[in-house]
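These protein sequence lines map, in sequence, to chains W and X. Heads up: the first sequence at position 96 corresponds to 1485 in this note's numbering, and the numbers run straight through without jumps. Heads up: the second sequence at position 95 corresponds to 1484 in this note's numbering, and the numbers run straight through without jumps. Heads up, the beta-carbon is just placed ideally off N, CA and C, and yes, glycines get one too. Because the structure is a prediction, the values reported are computed rather than measured.
Number of protein chains: 2
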Amino acid sequence: MAADRDFHHLLRDSALRVTKPRLAVLTAVHSHPHADTDAIIRATREELPDVSHQAVYDVLRALTDAGLLRRIQPAGSVARYEARVGDNHHHVVCRSCGAIEDVDCATGAAPCLHPSDHHGFAVDEAEVVYWGLCPDCSAASSEPATTSRG
Amino acid sequence: MAADRDFHHLLRDSALRVTKPRLAVLTAVHSHPHADTDAIIRATREELPDVSHQAVYDVLRALTDAGLLRRIQPAGSVARYEARVGDNHHHVVCRSCGAIEDVDCATGAAPCLHPSDHHGFAVDEAEVVYWGLCPDCSAASSEPATTSRG
DNA sequence: CACCCATTCTTGACTCGTTCCAGAAAGCGC
DNA sequence: GCGCTTTCTGGAACGAGTCAAGAATGGGTG
Chain W
1390 MAADRDFHHL LRDSALRVTK PRLAVLTAVH SHPHADTDAI IRATREELPD
1440 VSHQAVYDVL RALTDAGLLR RIQPAGSVAR YEARVGDNHH HVVCRSCGAI
1490 EDVDCATGAA PCLHPSDHHG FAVDEAEVVY WGLCPDCSAA SSEPATTSRG
Chain X
1390 MAADRDFHHL LRDSALRVTK PRLAVLTAVH SHPHADTDAI IRATREELPD
1440 VSHQAVYDVL RALTDAGLLR RIQPAGSVAR YEARVGDNHH HVVCRSCGAI
1490 EDVDCATGAA PCLHPSDHHG FAVDEAEVVY WGLCPDCSAA SSEPATTSRG
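See below:
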């Protein structure tokens, strides 16, 4: 995959060693936005079958700390990762199925909002989660329980 | 405590039975805003020493479902509960110590924000979490490691 | 006030996501 | 290629939260 070259530079620029697990995890997260750790482990193993779950956890933490990945964790959900970093975008989350979609931030720069009363806190980020129903779940819940499965 | 009468009505109005664990949990959450489950269990046992942790979990779920409590869960934190419901207020969270403070919503009605591109989602709530450092942690981190303890 | 049934509480085990640990292996700079 | 540092492996451990079955309790009714 040609993107491996880009990932290579990405890692080097962050003073991180270039290892096969890291490249595989980066590839997996890029091709599976908002995937949870388990899905990332499975996706990583498509490229690197023998990688351990601990390696993936460790890589995810290292890449997140380096700012190459962003970890998101809506309430009630396990940790999910996405490769879109730098822009301060937000998310819509489906209450029913947990689907997540990106939402561009109106201003683009963090913190895009400012609390009315910050209680002396030094706020550097405003995280916004829009809760609702995705199109599929919305259609299913508004119908007379004909096609819904419970 | 006189508030027990209010809590009694609160429960009955929600078609919930009035039990000692429920009153004790309500009291505990009201006097410990943003407390996590473990702290609530301990606070509840001050009033009702023999209550089981399962009862508290069950009560918290029942009261949350009934809308008497609100469950909040900032990323990386365990579940926390607060008794302020109805208004759509938000929170500032300290990245360092996890302290939480309420922030009144500018508009007051949910959803107070509307995503620029909602991807077809039926959005009913915009949850905002302001991340930063509380006054104490902010002061500690800006000092030359004299009073900080690590 | 006592009865009865549905609801709720207790006890204990269990799941799942995540982290910790020690040793083996691999990458990077020279 | 060498050596040191970092990373990966494999397994165990941890903690929050959940599940299940039986006992106890609440509260409307007569």
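The three-state secondary structure of residue 1417/X, taken from DSSP, is helix. With a cutoff of 8 Å on beta-carbon distance, residue 1521/W and residue 1396/X are scored as not near each other. Runs of the alpha helix (DSSP H) lying entirely within the stretch 1409-1459 of chain X, each at least 4 residues long, are 1409-1420, 1426-1436 and 1442-1454 in chain order. The C-alpha of residue 1489/X is placed about 11 Å away from the C-alpha of residue 1466/X. Counting C-beta pairs closer than 8 Å gives three or more between the stretch 1435-1452 of chain X and the stretch 1410-1417 of chain X, which meets the contact rule.
Taking the C-beta atoms as reference points, residue 1405/X is found nearer than 8 Å to residue 1455/X.
Taking C-beta atoms under 8 Å as the contact rule, residue 1480/X and residue 1418/X fail to qualify, at a distance of about 15 Å. Residue pairing by DSSP places residue 1484/W in no beta bridge whatsoever.
In the displayed model, residue 1515/X falls within a strand according to three-state DSSP. Looking at 1482/W, 1477/W and 1460/W, the one whose alpha-carbon comes closest to that of residue 1429/W is 1460/W.
Sorting 1469/W, 1421/W, 1394/W and 1492/W by C-alpha distance to the C-alpha of residue 1505/X places 1492/W at the top.
Within the same chain, Cβ atoms closer than 8 Å to the Cβ of residue 1399/X are found at 1415 and 1457, the five residues on either side in sequence being excluded. Closest option to residue 1423/W, judged by alpha-carbon separation, among 1472/W, 1431/W, 1432/W and 1453/W: 1472/W. Of all residues in the stretch 1517-1533 of chain X, only 1517, 1518, 1519, 1520, 1521, 1522, 1523, 1524 and 1527 come within less than 8 Å of chain W when Cβ atoms are compared, listed by chain position. Setting aside the 5 residues that flank it on each side, residue 1469/W is surrounded in the same chain by 1423, 1425 and 1461, each with a C-beta closer than 6 Å to its C-beta; the list follows chain order. Between residue 1433/W and residue 1445/W, the gap from beta carbon to beta carbon is short of 8 Å. Counted as a single uninterrupted DSSP element, the stretch harbouring residue 1476/W is not any alpha helix (DSSP H), since DSSP gives it neither H nor E.
Rounded to the nearest whole angstrom, the CA to CA distance from residue 1476/W to residue 1494/W is 8 Å.
Looking at the backbone, the Cα of residue 1474/X and that of residue 1474/W are separated by about 33 Å. Collapsing the DSSP output to three states places residue 1506/W in coil.
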